[in-house]
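Worksheet for the structure shown next.
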Amino acid sequence: MNRDVYKDLMAWKTSVRRKPLLLKGARQTGKTWILKEFGRKAYENYAYFNFEEDAGLLSFFNGRLDPQRLIENLSVYHGGPIRPEKDLLIFDEIQTCNEALNALKYFQENAGDYHVAAAGSLLGIKLSTPDSFPVGKVNFINLHPMSFLEFLDAMGEHRYRQVLENISGIEPIPNPFHEELTRWLRIYYCVGGMPEAVDHYTNTRDLAGARQIQKEILNSYILDFAKHAPTSDIPKLTHIWDSVPAQLARENKKFIFSAVRKSARSREYESAVLWLEDAGLIHRSFLVTAGRQPLKGYMDRDCFKVYALDVGLLGAMANLPVEVVVQGDRLFTEFKGSLTENYAAQQLRVLDMDLFYWKPAGGMAEVDFILSLDREIIPLEVKAGVNPKGKSLRSYDARFHPSLMCRVTLLNFKKEAALWNIPLYAISCLPILAKALNRQGSALGKIQDPNYCH
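Going left to right, the sequence shown walks through residues 1 to 454 as this note's numbering numbers them.
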């Protein structure tokens with residue numbers, strides 16, 4: 001199974017700025033597998049140590065954290081030498097041992113010729129605590145669930161991924177390609193991007209089995225709440241996590257704490273939301289009051305939406321029947337298009353984009369995502385069907401006059417001057433399209449027809 005993050009790992013290996021690496025990501029997104037695969041392919045050998053499985057490792061990090069002493073002891077424990085430049089040293093579930101996290105500082109300062117990569121399922125939570133290692137001593141890479149493009153690779157449909165990645169303009173692709181990509185997208189909505197579920201479906205084409213794997217993953221997350229979260233936050237975590245499908249199914253998808261529990265207040269539940277976010281289980285999209293740079297300067301931290309890390313897991317949480325896959329395009333519009341909006345958020349996070357949305361004060365219009373892309377602020381409207389309307393984009397345009405606006409739908413590629421229609425399956429290609437058209441010097445002039453968003 002190929003993962004796009006592999007090229008980032010290779011870039012890290014050869015970088016002149018290479019420091020010990022921290023691979024961040026939610027549980028079961030494939031961190032252990034990709035680091036071992038990286039060690040197997042890119043190095044002569046790798047030495048793997050898991051702090052959660054082997055409590056005996058903790059004793060090596062008591063006392064003085066001298067890298068040479070650590071290497072000597074770990075080499076004996078491993079059963080073979082760990083060599084600089086030639087071997088990859090992997091620390092898994094490193095958040096279990098704070099001393100090992102601190103040791104990364106000394107590897108960076110005193111043993112930079114050793115290649116050290118660390119990962120942890122709850123690493124984001126650990127790094128939010130004050131006793132973590134000093135900043136500036138490590139490199140970070142984020143690992144997300146598999147994107148739709150990676151899913152195509154896993155299904156053996158490299159040709160369709162190439163079709164998308166070779167697009168250089170907003171021109172319709174051949175209809176047979178469009179229909180086949182839409183069919184695969186429908187399956188991706190159900191299977192999602194968790195590697196175990198994808199691998200199972202790849203080998204069996206069994207949607208029910210993939211759904212069972214998703215349920216098991218969800219259960220493992222609940223167990224993490226009980227095992228790792230502060231005792232006072234455990235009920236709150238469960239309430240917030242369970243409320244995600246219902247929150248997204250609301251007409252106004254802004255996260256409402258009283259929808260979690262009638263008596264819930266934001267200040268009481270804020271730590272639980274942050275815990276879920278740091279664990280990589282949710283993504284938050286914040287309201288911005290203006291479509292201008294920098295978006296964070298116009299962000300309202302009290303107003304946000306919450307998305308699940310994976311569209312397949314969201315379907316499992318909502319108990320969406322897998323049989324809906326064969327019922328045409330109904331899947332895309334289930335519970336008010338929540339799957340589609342969550343899918344879009346997931347693909348944007350794979351691109352490491354921050355999530356923002358826009359809604360005018362007291363107004364009914366709402367633009368689903370506001371992107372900072374290729375030095376432009378681009379509004380992105382997400383529609384689940386084939387008959388989209390553009391009142392929200394028109395309202396945004398009247399206020400901020402963007403040079404480019406985008407809408408993702410089930411329709412094929414279409415360009416109406418400054419308005420681009422992007423198929424849902426091609427949302428990951430937005431950066432490629434923007435850069436390609438800018439290189440060509442495409443004029444993104446404003447269209448004069450006031451009805452162009454209809």
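Just so it is clear, CB atoms sit at the ideal spot from N, CA and C, and this is done for glycine as well.
Flag this pair as yes or no: are the beta carbons of residue i and residue j separated by less than 7 Å?
i	j	result
Gln247	Phe257	no
Leu485	Tyr160	Not covered by the structure: residue 485. The range shown for the chain is 1 to 454.
Leu295	Phe369	no
Asn62	Glu93	no
Trp358	Val288	yes
Asn421	Leu410	no
Gly192	Val324	no
Leu339	Tyr189	yes
Ala384	Gly337	yes
Thr96	Glu37	no
Val408	Ser392	no
Pro67	Ala111	yes
Ile234	Ala226	yes
Leu65	Tyr106	yes
Phe461	Glu171	Because the chain here runs from 1 to 454, residue 461 falls outside it and cannot be looked at.
Asp374	Lys415	no
Lys253	Ala316	no
Lys236	Ala197	no
Gly124	Lys24	yes
Helix, strand or coil for residue i per DSSP?
i	result
Phe288	For the record, residue 288 in the displayed sequence is Val; it is not Phe. Of the three classes helix, strand and coil, the one that applies to Val288 here is strand, per DSSP.
Cys303	strand
Lys19	coil
Ile422	strand
Phe51	coil
Tyr189	helix
Lys36	helix
Ile82	coil
Lys254	coil
Tyr496	It is not possible to answer for residue 496, since the shown part of the chain is limited to 1 through 454.
Thr409	strand
Glu416	strand
Ala318	coil
Asn45	strand
Lys105	helix
Gly363	coil
Ala26	coil
Gly63	coil
Gly136	coil
Gly390	coil
Pro450	Because Pro450 carries a pLDDT of 39, less than 50, the predicted location of this residue cannot be relied on, and the following value inherits that uncertainty. The answer is coil: DSSP assigns Pro450 none of H, G, I, E or B.
Gly385	coil
By Cβ distance below 7 Å, which residues in the same chain neighbour residue i in space, the five residues on each side in sequence not counted?
i	result
Asp8	Ile141
Lys13	Ala42, His115
Glu277	Arg284
Lys19	Gln108, Lys137, Val138, Asn139
His239	Val260, Arg261
Asp153	Asn2, Arg161
Asp352	Asn142
Thr32	Asp92, Ala119
Trp275	Ile125, Ala229, Asp233, Leu237
Let's see if you can read the secondary structure: which residues bound the beta strand (DSSP E) around residue i?
i	result
Pro477	In the structure as shown, the chain starts at 1 and stops at 454, and residue 477 therefore has no counterpart that could be examined.
Ile167	Here Ile167 belongs to no beta strand (DSSP E), and DSSP marks it neither H nor E.
Ser372	369-373
Asn404	It should be pointed out that residue 404 corresponds to Leu in this sequence rather than to Asn. Run containing Leu404: none; DSSP gives neither H nor E here.
Leu88	87-92
Tyr298	First-last for Tyr298: undefined, no H or E at that position.
Phe356	356-358
Could you name the residues of the same chain whose beta carbon sits closer than 8 Å to that of residue i, not counting the 5 residues immediately before and after it, in chain order?
i	result
Arg17	Asn139
Pro402	Gly291, Glu376, Ile377, Ile378, Pro379, Tyr396, Ala418
Asp224	Arg27, Ser121, Leu122, Ala279
Glu165	Leu149, Cys429, Ile432
Ser220	Arg27, Gln28
Which residue marks the beginning of the alpha helix (DSSP H) containing residue i, and which one marks its end?
i	result
Tyr269	266-278
Tyr6	5-14
Leu127	123-127
Gly209	207-228
Leu248	234-249
Asp199	195-204
In chain order, what residues of the same chain have a beta carbon less than 6 Å from the beta carbon of residue i, not counting five sequence neighbours either side?
i	result
Leu22	Ala118, Val138, Phe140
Glu157	none
Ala318	Pro245
Gly30	Pro195
Leu58	Cys97
Ile71	Ile82
Val350	His144, Ser147
With hydrogens ignored, establish whether the beta-carbon of residue i is closer than 6 Å to any heavy atom of the ligand GTP.
i	result
His228	Summarising the ligand content, the structure contains no ligands, and the ligand GTP is consequently not present.
At what residue ranges does the region 142-186 contain a whole run of the beta strand (DSSP E), taking only runs of 3 or more? none
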